[in-house]
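The listed protein sequences derive, respectively, from chains A and B. Residues 35 to 454 in this note's numbering are what the first sequence spells out, letter by letter. Residues 35 to 454 in this note's numbering are what the second sequence spells out, letter by letter. Notes for the one structure printed next.
Protein chains: 2
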Amino acid sequence: MQASIISIGDELLVGQVVNTNASFIANELNKIGIYVKSIITIGDNESDIIQTFQEFFSKNDIVIVTGGLGPTHDDITKKVVCEFFGVNLKRDEAVEENIKRILSYRNIKWNRAAEEQSYVPEDCKIIKNNLGTAAGFLFERNNKFFIVMPGVPYEMQDMMSNYVIPFLGSIITGEQIIHKTLRTTGITEAALSDLIGPVDKFLINDGIISSTLAFLPSPLGVNLRISVKSVNKENAQKVLDKIEKEIRKKTEEYIYGINDEELEAVIGKILISKKITISVAESCTGGLIANRLTNVSGSSQYFDRGVVAYSNRSKVELLGVDESLIQKYGAVSEEVAKAMAEGIRKISASGIGISTTGIAGPTGGTKEKPVGLVWIGYSDDKNTFAIKNFYGNDRLLIKIRGSQAALNLVRLKLSGKEIK
Amino acid sequence: MQASIISIGDELLVGQVVNTNASFIANELNKIGIYVKSIITIGDNESDIIQTFQEFFSKNDIVIVTGGLGPTHDDITKKVVCEFFGVNLKRDEAVEENIKRILSYRNIKWNRAAEEQSYVPEDCKIIKNNLGTAAGFLFERNNKFFIVMPGVPYEMQDMMSNYVIPFLGSIITGEQIIHKTLRTTGITEAALSDLIGPVDKFLINDGIISSTLAFLPSPLGVNLRISVKSVNKENAQKVLDKIEKEIRKKTEEYIYGINDEELEAVIGKILISKKITISVAESCTGGLIANRLTNVSGSSQYFDRGVVAYSNRSKVELLGVDESLIQKYGAVSEEVAKAMAEGIRKISASGIGISTTGIAGPTGGTKEKPVGLVWIGYSDDKNTFAIKNFYGNDRLLIKIRGSQAALNLVRLKLSGKEIK
């Protein structure tokens with residue numbers, strides 16, 4: 035089945051908002067084997083919207099529309115959808131109840147905007163919005179599907195996961211494509227490519243089944259996406275499993291997760307199963323590691339505390355780092371990284387302590403200690419050490435790469451690997 | 035003048051690569067007053083590309099195409115461009131010289147791919163690629179412009195800045211559009227809309243000048259984008275200033291910045307100018323506030339330390355919170371929020387201490403203290419207080435909203451507002 039995506043919103047054409055919604059939707063559709071033919075972004079303009087609806091719904095089996103469902107004057111999608119399908123708006127009790135629930139969470143009274151949001155088009159299925167007041171709509175006409183969702187990313191994502199994808203997954207027919215992504219970190223794209231070797235040795239393209247391997251670099255590491263297309267999903271799955279096995283043979287230690295799994299969630303699971311607690315002492319990553327660890331629900335089971343020791347004084351006062359170490363070696367040094375990791379582990383009485391100290395820039399670099407230099411410290415009851423890294427000259431990228439390397443170090447140690 | 039953007043590449047339709055190129059181009063075009071009507075993403079498919087070229091070049095004054103200019107088998111854009119304009123490829127000496135220069139930088143010999151890249155379409159202007167081997171092309175036909183660039187972001191961005199934008203800026207005629215975004219927080223979209231009142235009272239649409247106001251909600255707050263279109267840029271600027279003034283009259287206290295300014299950067303500037311330091315004690319936001327503060331370069335001037343006190347024990351040990359307060363009122367309470375803010379301020383000897391304690395969920399909520407409840411504490415040398423908020427039931431959103439509210443509280447206090 036073939037789908038296209040229509041993103042509505044002047045903000046996307048001004049360039050201030052990057053269209054992450056379209057990539058999220060495309061990714062989800064591809065995961066269940068639906069081919070995405072095109073993505074179009076248009077403004078909040080009635081005639082443009084109608085014209086695009088007509089053109090895209092005639093050419094595709096599935097059209098997914100986002101944006102323009104809010105309660106203000108510039109949100110016109112709901113009106114235009116009614117015009118396109120020749121239906122009226124009606125008040126919907128379930129939608130009204132949902133809006134009341136959302137408002138009560140936020141301690142807001144029923145208002146004009148809420149009133150407006152409780153009206154939805156006739157003759158369609160309503161997609162419940164668990165996180166906001168704008169409902170979504172699904173129109174089925176002549177075995178084709180036209181789906182409308184709000185443009186607020188988390189609201190749309192929730193609707194996709196809980197309703198749209200399960201629904202489309204149940205009605206899909208024809209050639210399907212399946213994907214699996216192996217997430218690696220701690221290795222460059224070129225080195226990973228060398229390690230894997232010529233891909234035609236294990237990719238199958240025999241006219242019935244076709245498969246590809248894509249290298250997708252990001253600040254968190256290189257993702258390897260395996261894609262297999264076939265009319266038979268079971269066969270596709272077998273081929274995919276075989277390709278995955280080949281790749282894992284050569285790259286296993288760099289793979290931390292699959293698909294959307296984040297490294298902090300992977301570590302969280304291991305910490306819970308091994309009943310080990312962790313604490314962090316951050317300088318250059320500035321709280322990012324603690325923030326990532328606490329993004330995982332249930333992290334309070336293994337995460338006790340974190341310290342962002344930005345100033346030298348705070349390293350001494352909060353972590354018990356010996357002031358003479360800082361004077362002798364500098365705050366960005368192997369010795370201080372080790373003292374920070376050991377310090378946070380001891381004061382929190384946790385199983386593992388990790389630390390970062392580096393130069394995030396753009397100022398503060400010297401020839402010996404350039405911007406991008408990051409020491410990562412690790413301490414458990416058996417040993418304490420630090421490793422040195424260089425992460426380029428972009429402040430935010432240095433923080434992201436530093437946090438990923440620190441978490442990966444924990445993963446490797448937890449899996450029993452000897453680092454140092 | 036009206037433009038549309040065509041992004042070519044299968045990777046964009048699979049959804050693992052976000053189309054940041056299109057937003058970059060749209061943003062640059064808007065800055066020089068060119069209105070972007072639509073953005074389309076299509077795959078590396080000849081008939082799709084030709085059809086889209088035809089449709090878009092007939093409807094727009096300017097078409098900008100990126101992607102598919104590389105040297106591998108799936109890059110077909112150059113061939114299709116030749117077909118579309120009815121021209122042949124020819125070898126170009128300047129392009130060849132440029133490729134040699136690029137290859138020598140990287141210590142690579144002349145090869146088949148380089149040979150292929152030295153052929154470019156006839157009857158167009160060549161856009162030099164300073165950073166890569168794929169040249170860009172500019173076709174002028176009947177006072178319309180068709181521009182083709184590679185999809186590698188930094189190569190395209192360099193071409194845009196050095197060639198495309200100066201060129202388009204010099205030939206631009208007719209209507210131009212200017213924008214300004216006012217970033218608000220601490221108020222819902224509906225309440226903001228009520229506060230501003232009917233927009234037609236101050237938006238001017240007189241046939242010569244047209245203006246719009248867009249409400250753009252996000253977890254950080256609602257952005258208000260003012261856009262003004264006119265043939266005279268100075269007049270447009272005057273109208274925009276007037277609209278901004280009208281909106282500010284009613285909403286000033288909610289506006290923290292303009293265009294791309296982040297709240298943490300806004301606060302940073304004030305803290306530096308007032309020579310005040312800040313420290314944070316986070317429970318439910320888990321390090322996000324410290325992370326945001328340290329995203330700003332130069333933040334070490336005013337940010338001394340942060341503590342992520344996740345466990346009750348860490349609140350007592352790190353911040354000196356009285357254990358009996360936690361026993362009596364619970365960790366998520368006004369009293370503990372105040373004690374945390376005061377604690378971090380005192381131990382760090384900083385001017386302002388802020389704190390968060392709440393229930394980020396998904397578990398741990400009760401009827402009296404539901405998921406989403408967040409207490410934000412504030413302490414300076416004059417007073418210490420805490421405010422109560424409800425942020426819905428999504429863990430990551432609760433963290434983001436809590437961090438934004440805490441930073442906004444600091445902004446308001448620094449600007450002399452009485453909160454409590």
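Ideal placement from N, C-alpha and C gives every residue a C-beta, glycine not left out.
Sequence-distant residues of the same chain with beta carbon closer than 6 Å to V314(A), five excluded per side = Shown here for V314(A): same chain residues with a beta carbon closer than 6 Å to its own, the five before and five after excluded, namely I323, A324, G340, I388 in chain order.
Per-residue burial, F249(B) [other beta carbons within 10 Å of its own, 16 or more giving buried] = Under this definition F249(B) is a buried residue.
Please confirm whether L43(A) and T75(A) have their CB atoms less than 9 Å apart.
-> Checking the displayed sequence, the identity of residue 43(A) turns out to be Gly instead of Leu. Using a Cβ distance threshold of 9 Å, G43(A) and T75(A) count as a contacting pair.
Where S413(B) and E89(A) are concerned, what is the direct C-alpha to C-alpha distance, given to the nearest angstrom?
-> The alpha-carbon separation between S413(B) and E89(A) amounts to approximately 58 Å.
Beta bridge counterpart(s) of V99(A) as assigned by DSSP | According to DSSP, V99(A) bridges with I40(A), V182(A).
Kindly confirm or deny that the stretch 306-313 of chain A and the stretch 365-383 of chain B touch, where touching means at least three C-beta pairs closer than 8 Å.
-> Note that the stretch 306-313 of chain A does not touch the stretch 365-383 of chain B; fewer than 3 beta-carbon pairs, one per stretch, sit closer than 8 Å.
Within the stretch 277-339 of chain B, note down every full beta strand (DSSP E) run reaching 3 residues or more, in order along the chain.
-> Listed in chain order, the complete beta strand (DSSP E) runs (minimum 3 residues) inside the stretch 277-339 of chain B are 289-292, 312-316.
Closest Cα partner of K276(A) within the set E295(A), E296(A), A148(A), L247(A) = Nearest C-alpha to K276(A) among E295(A), E296(A), A148(A), L247(A): L247(A).
Applying the criterion that 16 or more other CB atoms from any shown protein chain within 10 Å of the CB defines a buried residue, is Y425(A) buried or exposed?
-> So Y425(A) counts as buried.
Euclidean distance between Cα positions of R379(B) and G354(B) | In this structure, the alpha-carbon of R379(B) lies about 11 Å from that of G354(B).
For D234(B), does the count of other Cβ atoms within 10 angstroms reach 16, so buried, or fall short, so exposed?
-> With fewer than 16 other Cβ atoms from the protein chains shown falling within 10 Å of its own Cβ, D234(B) counts as exposed.
Residues of the stretch 39-59 of chain B whose Cβ lies closer than 8 Å to any Cβ of chain A, in chain order = Correct list: E45, L46, L47, V48, G49, Q50, V51, V52, N53, T54, A56, S57, F58, I59.
Provide the residue span of the beta strand (DSSP E) that contains N423(B), from first to last.
-> Residues 418-424.
Under 8 Å by beta carbon: chain B residues contacting I312(A) = Per Cβ cutoff of 8 Å: no residues; I312(A) is ~11 Å from chain B at best.
Pull up the distance between the alpha-carbon of A394(A) and that of L297(B), whole angstroms please.
-> C-alpha separation (whole angstroms): 20 Å.
Within 9 Å (strictly less), CB to CB, does S261(A) reach chain B?
-> Yes, S261(A) counts as interfacial toward chain B.
For F180(A), which residues of its own chain have a beta-carbon under 7 Å away from its beta-carbon, when the five flanking residues on both sides are left out?
-> If the five residues before and after F180(A) are omitted, its C-beta is found closer than 7 Å to the C-beta atoms of F91, V97, F173, all from its own chain and listed in chain order.
Going along chain A in order, which residues have a C-beta closer than 7 Å to the C-beta of D428(B)?
-> Here the neighbours are L165, Y188.
Reference E295(B), options N329(B), G104(B), E316(B), T111(B), closest by Cα | If you compare the alpha carbons of N329(B), G104(B), E316(B), T111(B) with that of E295(B), the shortest gap goes to N329(B).
Determine the chain A residues that contact A248(B) at a beta-carbon separation under 7 Å, and present them in chain order.
-> Close to A248(B), with beta-carbon spacing below 7 Å, are these residues of chain A in chain order: D44, E45, D108.
Who are the Cβ neighbours of K214(A) in its own chain at under 8 Å, not counting the five residues just before and after it?
-> Excluding residues within five positions, the ones whose Cβ falls inside 8 Å are R259, I260, L274, E278, I292, N293.
Around the Cβ of T390(B), are there at least 16 other Cβ atoms within 10 angstroms (buried) or fewer (exposed)?
-> Looking at its Cβ environment, which holds 16 or more other Cβ atoms inside 10 Å, T390(B) is buried.
9 Å Cβ cutoff, D78(A) in contact with chain B = It does; some Cβ of chain B falls within 9 Å.
Distance between A37(A) and T319(B) (C-alpha atoms, nearest Å) | Rounded to whole angstroms, T319(B) to A37(A) spans 39 Å at the Cα level.
Identify, in the order they occur along the chain, each residue of the same chain with its Cβ nearer than 6 Å to the Cβ of Q438(B), setting aside the five sequence neighbours on each side.
-> If we look at Q438(B) and ignore the five residues flanking it on each side, its Cβ neighbours are T219, L254.
Helix, strand or coil at N132(A) according to DSSP, with G and I counted as helix | In the structure shown, N132(A) sits in a helix (DSSP, three-state: H, G or I).
Alpha carbon to alpha carbon, how far is I301(B) from I66(B)?
-> The straight-line gap separating the alpha-carbon atoms of I301(B) and I66(B) is approximately 30 Å.
Can you tell me where the beta strand (DSSP E) with A248(B) in it begins and where it stops?
-> Membership of A248(B) in the beta strand (DSSP E) is indicated by the continuous run 244-252.
E223(A) CB to nearest chain B CB: under 9 Å?
-> So, not an interface residue.
Do you know whose CA, among S152(A), T100(A), F236(A), lies nearest R125(A)'s CA?
-> Ranking the options by Cα distance to R125(A), first place goes to S152(A).
Using the rule of at least 16 other Cβ atoms within 10 Å of the residue's Cβ for burial, across every protein chain shown, is A168(B) buried or exposed?
-> Buried, since its Cβ has 16 or more Cβ neighbours within 10 Å.
Can you tell me which of N176(B), I410(B), Y344(B), I160(B) puts its alpha carbon nearest to the alpha carbon of A440(B)?
-> For the residues N176(B), I410(B), Y344(B), I160(B), the minimum Cα distance to A440(B) belongs to I410(B).
Measure the Cβ-Cβ separation of S312(A) and L352(A) and say whether it is below 9 Å.
-> Sequence check: residue 312(A) is Ile here, not Ser. Their beta carbons are not under 9 Å apart, which means I312(A) does not touch L352(A) by this criterion.
Can you tell me the Cα-Cα spacing of S384(A) and N346(B), whole angstroms?
-> Roughly 14 Å separates the two Cα atoms.
Can you pull the chain B residues whose beta carbon is under 8 Å from the beta carbon of I74(A), in chain order?
-> I74(A) reaches chain B at S72, I73, I74, T75, counting residues in chain order whose Cβ is nearer than 8 Å.
Whole beta strand (DSSP E) runs in the stretch 198-262 of chain B with 3 or more residues, listed along the chain?
-> With a minimum length of 3 residues, the continuous beta strand (DSSP E) runs that stay inside the stretch 198-262 of chain B are 210-218, 244-252.
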